[in-house]
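J.: Take a look at this one; I'll ask things after.
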Amino acid sequence: MLYIYNSLSRFKEPFKPIHEGHVGMYVCGPTVYGDAHLGHARPAITFDLLYRYLTYLGYKVRYVRNITDVGHLEHDADEGEDKIAKKARLEQLEPMEVVQYYTNRYHHDMEALNVLPPSIEPHASGHIIEQIAFIQQILDHGYAYVSNGSVYMDVERFAQDFPYGKLSGRNLNDIVTDTRELDGQEEKKHSYDFALWKKASPEHIMHWPSPWSEGFPGWHMECSAMGTKYLGERFDIHGGGMDLMFPHHEAEIAQSCAALGHETVNYWMHNNMITINGKKMGKSYNNFITLEQFFTGDHELLTKPFSPMTIRFFILQAHYRSTVDFSSEALEAAEKGFLRMQETYARLLKLQASAETQETIAKTVASLRQQCQDAMDDDLNSQVVISLLFDSAHAINTVHDGKGTISAEDLKELQSVWKTFAIDILGLRLEGENAGNEQTTAAYKGAVDLLLQLRQEAKEQKNWATSDRIRNQLAALGFQIKDRKDGFEWTL
Ligand code: ZN
Numbered sequence: 009m010l011y012i013y014n015s016l017s018r019f020k021e022p023f024k025p026i027h028e029g030h031v032g033m034y035v036c037g038p039t040v041y042g043d044a045h046l047g048h049a050r051p052a053i054t055f056d057l058l059y060r061y062l063t064y065l066g067y068k069v070r071y072v073r074n075i076t077d078v079g080h081l082e083h084d085a086d087e088g089e090d091k092i093a094k095k096a097r098l099e100q101l102e103p104m105e106v107v108q109y110y111t112n113r114y115h116h117d118m119e120a121l122n123v124l125p126p127s128i129e130p131h132a133s134g135h136i137i138e139q140i141a142f143i144q145q146i147l148d149h150g151y152a153y154v155s156n157g158s159v160y161m162d163v164e165r166f167a168q169d170f171p172y173g174k175l176s177g178r179n180l181n182d183i184v185t186d187t188r189e190l191d192g193q194e195e196k197k198h199s200y201d202f203a204l205w206k207k208a209s210p211e212h213i214m215h216w217p218s219p220w221s222e223g224f225p226g227w228h229m230e231c232s233a234m235g236t237k238y239l240g241e242r243f244d245i246h247g248g249g250m251d252l253m254f255p256h257h258e259a260e261i262a263q264s265c266a267a268l269g270h271e272t273v274n275y276w277m278h279n280n281m282i283t284i285n286g287k288k289m290g291k292s293y294n295n296f297i298t299l300e301q302f303f304t305g306d307h308e309l310l311t312k313p314f315s316p317m318t319i320r321f322f323i324l325q326a327h328y329r330s331t332v333d334f335s336s337e338a339l340e341a342a343e344k345g346f347l348r349m350q351e352t353y354a355r356l357l358k359l360q361a362s363a364e365t366q367e368t369i370a371k372t373v374a375s376l377r378q379q380c381q382d383a384m385d386d387d388l389n390s391q392v393v394i395s396l397l398f399d400s401a402h403a404i405n406t407v408h409d410g411k412g413t414i415s416a417e418d419l420k421e422l423q424s425v426w427k428t429f430a431i432d433i434l435g436l437r438l439e440g441e442n443a444g445n446e447q448t449t450a451a452y453k454g455a456v457d458l459l460l461q462l463r464q465e466a467k468e469q470k471n472w473a474t475s476d477r478i479r480n481q482l483a484a485l486g487f488q489i490k491d492r493k494d495g496f497e498w499t500l
């Protein structure tokens, strides 16, 4: 039984989907005005892990991850210039050119990290009609007000009927002290009211007609409107980074309750944040290392380039709810760990089976799959899965060194557990010399084994010409062949 930590109840809860066999899952995607950095990699990998595991468990998953391309303003998401419009102004581009450019680059980075594409990737700017309808419902229910062409959520009125601040554990007083005084505040009844629709100022380039003004939706609105459009008025999982809990997700909950009369999400999941050399990522620290910079090593905080799978492995080595601190040293350690994992897997694929399995190895094989599944069932404990796979390396090396034996059936099971958990669920992709999919590796290993068996038979028949020819030609291709009492061994 899969247990996931629900940020709303603050408990690990057994996962029960609304519709048997199906899961609806929404994850807040990027605001596409710059290159993706580490802060983007963590939620993408966390929810990719969840998506892959739910699929492994047999669920049909509809995974929606949006693209924010309008309405995400500079300050507290709700005030200041639109991030995309600002980039477009600075670069003298059409806003949609900025959106397309960074969306393409985001996809490229996600592909490098082996993050599977979502089932639906809706753009906020493509769902203005749905957002206007959603705002109208909130107004009709009396939980919002129009002020100077903008529409604001009436948080105090809302809080009389529904709990507000439950997700982030804040009350209205905390929120008042947290809210900065910015322009637009004088339009609001209270500083904690947030924008559902903003009237566009004359210089604002992205705007649409609405019943209230020529303007644009507030940032929080897109996820409420698109989540319910594609997943229904009640759906299973909503995810994102912990930094989105407030105000973004709290606002989403309020909007849904105000429009529909109930919460839409059953399980709220949040990944923890990443620090770099112990510091929060921030402009003042100059530590926004983009993924591209990690891949090329082109940043003063990096000693060398790091491959996408090193980044993925590093993130998966920690539980998604713990903080992760990035440093070049920690990444170098992860790189070594991932290399060791790949070498072990490559060795496993080349092991020779014997008639039976030695007892200690049999124990490892018998329990490994269930242990890995138990770890994943425990709120996606990828950290434990990785250490379990490393523990099984002992059995693999014992057989490899000729100090133990494994039967064909057990070998197949051990290879299948590794393939399932390391490749399919953790989503690690073999790199460099270990690259090529394992199907090819298995076929290639089979072909070399077959040639060496033919050579063995030729030797038994004293057909030295054939046996030498196979040996010499394989050697010329770079294979090292060692004859052993019970057969042969080869490496490339
Ligand atoms: Zn969102």
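Numbering (this note's numbering), first residue to last: 9 to 500.
Beta carbons are placed, not taken as given, at the ideal position from N, Cα and C, and that holds for glycine.
Determine whether the beta carbon atoms of A233 and H80 lie at a separation below 8 Å.
T.: One-based indexing of the sequence shown puts residue 233 at position 225. One-based indexing of the sequence shown puts residue 80 at position 72. In this structure, H80 does not lie closer than 8 Å to A233 by Cβ.
J.: For the structure I just gave you, are there three or more beta carbon pairs, one from the region 401–409 and one from the region 366–381, closer than 8 Å?
T.: The answer is yes - the region 366–381 touches the region 401–409, with three or more Cβ pairs under 8 Å.
J.: Out of F296, V163, I12 and I140, point me to the one whose CA is closest to W216's CA.
T.: Along the sequence shown, one-based indexing puts residue 216 at 208. The candidate whose alpha carbon is nearest that of W216 is I140.
J.: Compute the distance between the beta-carbons of H149 and A267, then report whether it is under 8 Å.
T.: Sequence index remark: in the sequence shown, residue 149 carries index 141 (1-based). Sequence index remark: in the sequence shown, residue 267 carries index 259 (1-based). Contact flag set, yes.
J.: Rounded to the nearest angstrom, what separates A341 and I319 at their Cα positions?
T.: Taking the sequence shown and counting its residues from 1, one reaches residue 341 at position 333. Taking the sequence shown and counting its residues from 1, one reaches residue 319 at position 311. Between A341 and I319, the C-alpha separation is close to 11 Å.
J.: Specify, as a first and last residue, the run of the beta strand (DSSP E) that Y293 falls within.
T.: Residue numbering aside, residue 293 sits at position 285 when the sequence shown is read from its first letter. Looking at the DSSP string, Y293 is not in any beta strand (DSSP E), and its letter there is neither H nor E.
J.: Looking at the structure shown, is Y517 part of a helix, part of a strand, or coil, going by DSSP?
T.: It is not possible to answer for residue 517, since the shown part of the chain is limited to 9 through 500.
J.: Just mark I26 as buried or exposed, buried being the case when its beta carbon has 16 or more other beta carbons within 10 Å.
T.: Along the sequence shown, one-based indexing puts residue 26 at 18. Label assigned to I26: exposed.
J.: Which runs of the beta strand (DSSP E) fall wholly inside the region 197–232 and span at least 3 residues, in chain order?
T.: Those beta strand (DSSP E) runs which fall completely within the region 197–232 and span 3+ residues are 203–207 and 223–225.
J.: Taking F55 and G247 to be in contact with their CB atoms under 8 Å, please state how far apart those CB atoms are, rounded to whole angstroms.
T.: Here residue 55 refers to the residue found at position 47 when the sequence shown is read from its first residue. Here residue 247 refers to the residue found at position 239 when the sequence shown is read from its first residue. Indeed they touch by this definition, with Cβ atoms about 5 Å apart.
J.: What residues match up with N280 in a beta bridge as DSSP calls it?
T.: Counting from 1 along the sequence shown, the entry for residue 280 is found at position 272. DSSP, once it has assigned bridges, lists no residue as partnering N280.
J.: Whose CA, out of V159, I183, V154 and S158, lies closest to the CA of A167?
T.: Taking the sequence shown and counting its residues from 1, one reaches residue 167 at position 159. The residue with the shortest Cα to Cα distance from A167 is I183.
J.: Nearest by alpha-carbon distance to N112: which of Y41, E258, Y71 and S390 is it?
T.: Within the sequence shown, the letter at position 104 stands for residue 112. Of the candidates Y41, E258, Y71 and S390, the one whose C-alpha sits nearest the C-alpha of N112 is Y41.
J.: To the nearest angstrom, report how far apart T283 and D162 are at their CA atoms.
T.: The residue given as residue 283 occupies position 275 in the sequence shown. The residue given as residue 162 occupies position 154 in the sequence shown. For T283 and D162, the distance between alpha carbons rounds to 35 Å.
J.: Provide the residue span of the alpha helix (DSSP H) that contains P22, from first to last.
T.: By one-based count along the sequence shown, residue 22 stands at place 14. Where P22 is concerned, there is no enclosing alpha helix (DSSP H), although the beta strand (DSSP E) it sits in stretches over F19 to P22.
J.: For G32 and R73, which I take to be in contact (beta-carbon distance under 8 Å), what is that distance rounded to the nearest angstrom?
T.: For the purposes of this step, residue 32 is identified with residue 24 of the sequence shown, where counting begins at 1. For the purposes of this step, residue 73 is identified with residue 65 of the sequence shown, where counting begins at 1. That belief does not hold up - the Cβ atoms of G32 and R73 are roughly 13 Å apart, past 8 Å.
J.: Take K207 as the anchor and find which of G435, S362, W472 and D90 has the nearest alpha-carbon.
T.: Your numbering for residue 207 matches position 199 in the sequence shown. Closest by alpha carbon: D90.
J.: Are the CB atoms of S133 and D77 within a distance shorter than 8 Å?
T.: Taking the first residue of the sequence shown as 1, we reach residue 77 at position 69. Taking the first residue of the sequence shown as 1, we reach residue 133 at position 125. It is a contact, given that the beta carbons lie within the stated cut-off.
J.: Anyone know if the C-beta pair for L460 and W426 falls short of 8 Å?
T.: For this step, residue 460 is matched to residue 452 along the sequence shown. For this step, residue 426 is matched to residue 418 along the sequence shown. Not in contact: L460 and W426 (Cβ atoms no closer than 8 Å).
J.: Decide yes or no for the touch test of the region 348–362 against the region 371–383: beta carbon pairs closer than 8 Å, at least 3 of them.
T.: Contact between the region 348–362 and the region 371–383 is absent, because fewer than three Cβ pairs lie under 8 Å.
J.: In chain order, which alpha helix (DSSP H) runs of at least 4 residues are fully inside the region 422–495?
T.: Segments of the alpha helix (DSSP H) lying fully in the region 422–495: 446–468 and 472–484.
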